[in-house]
Amino acid sequence: MKSMKITFLGTAAMQPTPERSTTAILISHKNENILIDCGEGTQRQLKIAGIKLTKITKILISHWHGDHVFGLPGLISTMGASEYSKTLEIYGPKGTKKYMKKLSKTFIPKDKVKIKVKEIKKSGQFLETKELVFQTTDLKHSCPTRGYVIKEKDKRKMNISYLKKFGLTRDPILGKLQSGKDIVHKGRKILVKEATTLIPGKKISIILDSTQTPKIIEFVKNSDILIMESTFDSKLKEKARKYKHTTAKQAAETAKKSKSKKLILTHIGKRYNSSTPLVKEAKKVFPKTMAAKDFMTISL
Numbered sequence: 004m005k006s007m008k009i010t011f012l013g014t015a016a017m018q019p020t021p022e023r024s025t026t027a028i029l030i031s032h033k034n035e036n037i038l039i040d041c042g043e044g045t046q047r048q049l050k051i052a053g054i055k056l057t058k059i060t061k062i063l064i065s066h067w068h069g070d071h072v073f074g075l076p077g078l079i080s081t082m083g084a085s086e087y088s089k090t091l092e093i094y095g096p097k098g099t100k101k102y103m104k105k106l107s108k109t110f111i112p113k114d115k116v117k118i119k120v121k122e123i124k125k126s127g128q129f130l131e132t133k134e135l136v137f138q139t140t141d142l143k144h145s146c147p148t149r150g151y152v153i154k155e156k157d158k159r160k161m162n163i164s165y166l167k168k169f170g171l172t173r174d175p176i177l178g179k180l181q182s183g184k185d186i187v188h189k190g191r192k193i194l195v196k197e198a199t200t201l202i203p204g205k206k207i208s209i210i211l212d213s214t215q216t217p218k219i220i221e222f223v224k225n226s227d228i229l230i231m232e233s234t235f236d237s238k239l240k241e242k243a244r245k246y247k248h249t250t251a252k253q254a255a256e257t258a259k260k261s262k263s264k265k266l267i268l269t270h271i272g273k274r275y276n277s278s279t280p281l282v283k284e285a286k287k288v289f290p291k292t293m294a295a296k297d298f299m300t301i302s303l
């Protein structure tokens, strides 16, 4: 059963185009709706997609360049006017608290939203919920920038036919097996490796605005979905290097070396009326590549 959904709300690079809004990606998992970046017009994109703003639980900011955050004031203001009752969690790189304070002084909200801001200064796991693990790494861009991984926790499926041999089908002790521990039932030891099958959780990796670095490969290793910026093609690789961005080919190399299952290109430069040249370039290196479009959804 598919439990994670990705909705691309904005897929443009620095400037919006008639076809693309600036960066915003929503990842949904049960009661969690996690927004990665909030470019200009994100709240309108959410409404067009039929997604209630009040369902957003967390916002992860990759970095504080305008095309990734210009939509925050409007989004937060409308959430307040919509009687948002939760505490909005905002995570971002060093400087996030300072920028959020400045942001709150640039407009007068009609109804305030309770916000919890957390700056991430170290790579590794920074958040864990009942079913998800959140990880981050620092990227190489022109300002503090973070890449993110959102991963489902691994689950254990019960081997019912095996457990029936022990007279076990329903019992509170089965909870220990699900947590990965061997058990003893009526004097008989039941091994977790025999009684359960480990089902790996789905892994989504998001790399926005960064030059290509070896550490990214290890960070996104074995991703089910790797979402990666592709601002330029290889003809403009020197421009990509100068502005610390990634080409389509470099994104494909990262996907191949990390053994990711699928690559989705986003953050498409305005010079590309069609993403076809970028996808064509990337597919030569990593065939399972596609380009994101505004309102495109993927379930996994």
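Residue 303, in this note's numbering, is where the sequence shown stops; the numbers in between run on with no holes.
Backbone N, C-alpha and C define an ideal beta-carbon position, used for all residues, glycine too.
From a predicted model like this one, the values you see are computed outputs, not experimental measurements.
- By the Cβ rule, the region 212-227 counts as touching the region 139-146, because three or more pairs are nearer than 8 Å.
- Every unbroken stretch of the beta strand (DSSP E) spanning 3 or more residues and falling wholly within the region 167-239 is given here in chain order: 186-188, 191-193, 199-202, 206-210, 228-232.
- When DSSP reads this structure, alanine 27 sits in a beta bridge with Gly13.
- Taking 8 Å as the cut-off, the Cβ atoms of glutamate 35 and leucine 130 do not count as close.
- A straight line joining the alpha-carbon of methionine 231 with that of isoleucine 118 spans about 28 Å.
- Secondary structure at glutamine 48: helix, using DSSP grouped into helix, strand and coil.
- Distance from the CA of threonine 45 to the CA of lysine 61, rounded to the nearest whole angstrom, comes to 14 Å.
- Nearest neighbour of alanine 16 by Cα position, chosen from Ala285, Ile271, Thr300, Pro96, turns out to be Ile271.
- Bounds of any beta strand (DSSP E) do not take in glutamate 256; it lies within the alpha helix (DSSP H) bounded by 251-260.
- DSSP, reduced to helix, strand and coil, places histidine 71 within a helical segment of the structure shown.
- The beta carbons of proline 96 and histidine 68 sit no closer together than 8 Å.
- The three-state secondary structure of valine 282, taken from DSSP, is helix.
- Short of 6 Å from the beta carbon of alanine 258, and not among the five residues preceding or following it, lie these beta carbons of its own chain, in chain order: Leu229, Leu266, Phe289.
- For threonine 300, the closest of Ala27, Ser107, Thr99 by C-alpha to C-alpha distance is Ala27.
- Looking at the DSSP output, isoleucine 301 bridges to Ile9.
- If one requires a minimum length of 4 residues, the alpha helix (DSSP H) runs lying completely within the region 96-129 are 99-107, in chain order.
- Per DSSP, glutamate 43 lies in no beta strand (DSSP E) segment and is marked neither H nor E.
- Between the alpha carbons of leucine 106 and threonine 57 lies a gap of roughly 20 Å.
- When C-alpha distances from leucine 180 are compared across Lys168, Ser302, Asn162, Gly190, the shortest belongs to Asn162.
- For the pair threonine 292 and alanine 255, the Cα-to-Cα distance works out to about 8 Å.
- Valine 223 is positioned such that its CB atom lies closer than 8 Å to that of valine 152.
- Collapsing the DSSP output to three states places arginine 274 in coil.
- Taking a contact as a CB-CB distance under 8 Å, the pair alanine 285 and leucine 268 counts as one, their CB atoms being some 6 Å apart.
- A check of alpha carbon separations from isoleucine 123 across Glu155, Glu43, Phe137 identifies Phe137 as the nearest.
- Residues Thr25, Asp70, Lys273 of the same chain have their beta carbon placed closer than 8 Å to that of glutamine 18, with the five preceding and five following residues left out of the count.
- The closest CA to that of lysine 133, considering only Lys245, Pro147, His32, is found on His32.
- Taking each of Lys156, Lys189, Leu49 in turn and checking the Cα distance to lysine 168, the smallest one comes out for Lys189.
- For the pair isoleucine 37 and arginine 173, the Cα-to-Cα distance works out to about 35 Å.
- Rounded to the nearest whole angstrom, the CA to CA distance from arginine 149 to lysine 121 is 13 Å.
- Look at glycine 83 here: in three-state DSSP terms it is helix.
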